[in-house]
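*Asks:*
In mature numbering (1 follows the signal peptide of the UniProt record, and there is no 0), the protein residues as written are -25 to -1, 1 to 410.
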């Protein structure tokens, strides 16, 4: 009798476990949405009064500002990774349209591979910057719920997230390297992403930051940030198995056109021309690290000064230039200049040290990035950027960090795939405007 009872109980437990696993399992997703460059006429950052050289100068300045934040983080002790002391690079170069809550409240946010938390400004706002979109009202969303503290969702932010003594809810505080910050409540709600097939994708119980005290450099423009980094609360990690840890993007060369970001089954990068390199895991999970072994300019191959260090370069869609350690940068610049039979030009407004008259018959040498196991040959528009109709400049710059940054100019017209499960990064030459 006892044996029979035990057998029935075990069967019921196994059956219940099976049902629960099916209920909790996330269906496989595959979808694509738009990425809008901040200098696109579709962007709230767009300033029609700016000249092309002013836009590029601003992008270069943002690149150099951003690298200092990557330096701070990459060399920072991982034990400092608590929500209230986190220092993160603020902003990026691309934006996404999305909605939060039920019914959906639309807003535009910076899509950032260099940060994790998804956050937006919320009512009531103790100290908020003016934004284009209406403030999100948690009370108007039937699916909004504050995260309790302590809880696994609160601890996903790493470290000891502060708890409210009044209602035992989880709070967050993020300081950005440029002096910006956001503070508020950690919550879960339904996030809705637009899709290129006109079928919005609803993502339930997504951990977000509801910012009640915010000051950022993109004030009056973006409503917040969508973190696409490798940390536990990023959009990528929260989607997890439903996208098999995969996302990819294809950045168009012209900023007034719309780029694409793909998730899950839509994000596979394969076929002729595809090369892959390992993603290196470091203590700071947010960033995506690659190992750069050397760079070739024409037939001249120059080894990186730290080629023996795994993960010596961060790939980042939010940085415009590709940034290299100072001496190595000048080695590359000199090698490029030696193969271009044209007089150098200078535009003090840009700050780039290697520029040429665009009307000259430039024979730009092939620059190849030799990542571990993957050789990525850059096209002329990956190596040089157009400042005006009369001026082009080298799309590389100096970093005072031991790590380099692989910027978005070098990534344009490549389908760039992130597989966070197999820990690989793939590149495939692609006409992104045709996707």
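Yeah, the Cβ is synthetic: ideal placement off N, Cα and C, and Gly gets one too.
Output the distance between the C-alpha atoms of residue 67 and residue 313, rounded to the nearest integer angstrom.
*Replies:* Roughly 33 angstroms separates the two Cα atoms.
*Asks:* Would you please verify whether the beta carbon of residue 191 is less than 8 angstroms from any beta carbon of chain D?
*Replies:* Chain labels in this structure do not include chain D; a single protein chain is all it has.
*Asks:* What is the DSSP secondary structure of residue 155, reduced to helix, strand or coil?
*Replies:* Coil at residue 155, not helix or strand.
*Asks:* Which word fits residue 340, buried or exposed, when buried means at least 16 other C-beta atoms lie within 10 angstroms of its C-beta?
*Replies:* Its Cβ being crowded by 16 or more others within 10 Å, residue 340 is buried.
*Asks:* So within the region 303 to 373, which uninterrupted beta strand (DSSP E) runs reach at least 3 residues, ignoring any that extend past its ends?
*Replies:* Taking only runs of at least 3 residues, the beta strand (DSSP E) segments lying wholly in the region 303 to 373 are 330 to 332, 342 to 346, 349 to 353, 359 to 363 and 366 to 369.
*Asks:* Identify whether residue 231 lies in helix, strand or coil by the three-state DSSP scheme.
*Replies:* It is coil, neither helix nor strand.
*Asks:* When you measure from the CB of residue 384 to every non-hydrogen atom of the ligand ATP, does any distance come out below 7 angstroms?
*Replies:* No copy of the ligand ATP appears in this structure; indeed no ligand is present at all.
*Asks:* Thinking C-alpha only, which one of 370, 116 and 146 is nearest residue 443?
*Replies:* There is simply no residue 443 to check, as the chain begins at -25 and stops at 410 in what is shown.
*Asks:* My understanding is that residue 240 touches residue 9, with C-beta atoms under 8 angstroms, so please give their C-beta distance in whole angstroms.
*Replies:* With 8 angstroms as the limit, residue 240 and residue 9 do not qualify as a contact, their Cβ atoms being about 18 angstroms apart.
*Asks:* Determine whether the beta carbon atoms of residue 41 and residue 293 lie at a separation below 8 angstroms.
*Replies:* Yes, Cβ-Cβ distance for residue 41 and residue 293 is below 8 angstroms.
*Asks:* Closest to residue 282 by CA distance: which of 291, 276 and 266 is it?
*Replies:* Measuring from the Cα of residue 282, the nearest candidate turns out to be 266.
*Asks:* Indicate whether the contact test is met: 3 or more Cβ pairs, each with one atom in the region 385 to 402 and one in the region 347 to 360, closer than 8 angstroms.
*Replies:* Touching, yes.
*Asks:* According to DSSP, residue 144 sits in a beta bridge with which residue or residues?
*Replies:* Looking at the DSSP assignment, residue 144 forms a beta bridge with 123.
*Asks:* Using CA coordinates, which residue listed in 7, 23, 20 and 29 is at the minimum distance from residue 361?
*Replies:* Looking at the Cα atoms, 29 is the closest of the given residues.
*Asks:* Residue 189 and residue 119: beta carbons closer than 8 angstroms?
*Replies:* Result no, Cβ atoms of residue 189 and residue 119 do not sit closer than 8 angstroms.
*Asks:* Based on the DSSP secondary-structure assignment, which residues constitute the bridge partners of residue 84?
*Replies:* 71, per the DSSP bridge assignment.
*Asks:* When burial is assigned at 16 or more other CB atoms within 10 Å of the CB, is residue 402 buried or exposed?
*Replies:* Buried is the call here.
*Asks:* Check whether the Cβ atoms of residue 303 and residue 288 lie closer than 8 angstroms to each other.
*Replies:* No, Cβ-Cβ distance for residue 303 and residue 288 is not below 8 angstroms.
*Asks:* Can residue 159 and residue 186 be called in contact, C-beta distance under 8 angstroms?
*Replies:* Yes; because the gap between Cβ atoms is below 8 angstroms, this pair is in contact.
*Asks:* Please work out which residues of its chain come closer than 8 angstroms, Cβ to Cβ, to residue 50, disregarding the five sequence neighbours upstream and downstream, and give them in chain order.
*Replies:* Its pLDDT being 46, under 50, residue 50 is placed unreliably in this model, and the value from its coordinates should be taken loosely. Correct list, in chain order: 376 and 377.
*Asks:* Buried or exposed for residue 383, going by 16 or more other Cβ atoms inside 10 Å?
*Replies:* So residue 383 counts as buried.
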